[in-house]
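Q: Per this note's numbering, the sequence shown runs over residues 96 to 380. Shown below is the structure under consideration.
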Amino acid sequence: MISVNGNTRVFAVLGDPIEQSLSPVMYNAAFSALGMDCVYIALKVKKSQLAEAVQGLKDKGIQGGNVTMPLKREIIPYLDELTKEAHLIGAVNTLYWHEGRLWGDNTDGTGFLKALLITKPDLLKLNGALLLGAGGAARAIGVILALAGMKNFTIVNRTREKAKELASLLESLGAIASVREWQSEGIKDAFYENRLLINTTPLGMHSQEKEGLPIVEKWFNKEQFVVDLIYKPRETLFLQKAKLRGCQTLNGLSMLLYQGMIAFEKWSGQKAPQEAMANALERWV
Ligand code: NAP
């Protein structure tokens, strides 16, 4: 049990909405497991309140924490420094202090890579990756995979312009990236060309039958490794179809855990207690 007192160090996540965030659950379980006199809270911050909120973090001695939707990009001008990864991705999910300056980092891509390498150690030998979506999570994953040496990417996104932007970014990192149309033919071709398929869109999170991805079960083949960033439901229709065709699959829960562990180590300076954090997530998801 955490007992808050006058010396307790405070960490926070900023976002809006914030009620659904699993960060307080995961990080307070970590503090408790390590016996740290720290507490982690969720702060509802609208875009229009962001400048004031970051100043508040600085003035009131908040020790670090996280940033979530819709502030991951917007917070950048208010920070003192950015890591190389956050700069390339163009979004921040982690805040930490170093030598009196407030830094922004992005651990989504590194968390994703760690989760994947544990499940599939030869991941980087696959010929390429299909990214369904080109939002913040796709950028984080694409950048980290490209920095880790993955050479080929196919990007399919509803808004083609954003897919093209991501393709240019990945090419600037030495990869080859092509863009396909967000309709059946485009996605089907992309399925046949790639062995790592990653859904980074929220499609499949709600009312799966109506809002699922526009894909067909027979496009999968058993050589493919199929990942969905969604963790609630634990098995989306996308993963169900892949499994039926014999593919190895992974949902977003381990990415959530590893991005959280990497963030925890950044802002607390302690080794993250994996079991306590994983158990806390298991209880809440
Ligand atoms: P984001 O920046 O808002 O990007 C959303 C992406 O999904 C965009 O490419 C968007 O396409 C596409 N999209 C949204 N609604 C769509 C629809 N109805 N039809 C087609 N495409 C649609 O969000 P994000 O931060 O990348 O997050 C994306 C997903 O990843 C969310 O489900 C989030 O919960 C999950 N996530 C999971 C983890 C984890 O640890 N497991 C971490 C980060 C994110 P347009 O460009 O056309 O709008």
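A virtual CB, placed ideally from N, CA and C, is assigned to each residue, including glycine. These numbers were taken from a predicted model, which means no experiment stands behind them.
Could you please give the first and the last residue of the uninterrupted beta strand (DSSP E) stretch that includes N161?
A: Counting from 1 along the sequence shown, the entry for residue 161 is found at position 66. That run of the beta strand (DSSP E) goes 159-162.
Q: So is the beta-carbon of P297 under 8 Å away from any non-hydrogen atom of ligand 1?
A: Along the sequence shown, read from residue 1 onward, the residue named residue 297 stands at position 202. Flag set: Cβ of P297 near ligand 1.
Q: Are the beta-carbon atoms belonging to V321 and L334 less than 9 Å from one another?
A: Along the sequence shown, one-based indexing puts residue 321 at 226. Along the sequence shown, one-based indexing puts residue 334 at 239. Result yes, Cβ atoms of V321 and L334 sit closer than 9 Å.
Q: Compare the C-alpha of W50 against each of W362, K336, Y287, Q115 and name the closest.
A: Examination of residue 50 is not possible in this model, given that the chain is present from 96 through 380 alone.
Q: Tell me the rounded alpha-carbon separation between E266 and A373.
A: Taking the first residue of the sequence shown as 1, we reach residue 266 at position 171. Taking the first residue of the sequence shown as 1, we reach residue 373 at position 278. Answer to the nearest angstrom: the Cα atoms are 35 Å apart.
Q: May I ask you to report which of helix, strand or coil DSSP gives T205?
A: To locate residue 205, count along the sequence shown from 1; it is residue 110. Three-state DSSP puts T205 in a helix.
Q: Exposed or buried, what is I384 when buried is set at 16 or more other beta-carbons lying within 10 Å of its beta-carbon?
A: Nothing can be reported for residue 384, as the shown portion of the chain is limited to 96 through 380.
Q: Whole angstroms are fine: how far does the CA of F359 sit from the CA of Q365?
A: One-based indexing of the sequence shown puts residue 365 at position 270. One-based indexing of the sequence shown puts residue 359 at position 264. One C-alpha to the other measures close to 7 Å.
Q: CA-CA distance, G204 and G130?
A: Here the question's residue 204 lines up with position 109 in the sequence shown. Here the question's residue 130 lines up with position 35 in the sequence shown. Their Cα atoms are separated by approximately 29 Å.
Q: Who are the near neighbours of A107 in its chain, counting only those whose CB is closer than 6 Å to its CB and skipping five residues on each side?
A: Along the sequence shown, read from residue 1 onward, the residue named residue 107 stands at position 12. Here the set comprises I136, L138, I157, G160.
Q: Given a cut-off of 9 Å, decide if I293 and R275 are closer than it, judged by their beta-carbon atoms.
A: Sequence index remark: in the sequence shown, residue 275 carries index 180 (1-based). Sequence index remark: in the sequence shown, residue 293 carries index 198 (1-based). Contact: no.
Q: I'd like to confirm the pairing. Which residues does DSSP put opposite Y135 in its beta bridges?
A: By one-based count along the sequence shown, residue 135 stands at place 40. Paired residues: F106.
Q: Measure from the alpha carbon of K179 to the alpha carbon of each residue in I239, A210, Q150, M121, then state which is nearest.
A: As a position in the sequence shown, residue 179 is number 84, starting the count at 1. Cα-wise, what sits closest to K179 is I239.
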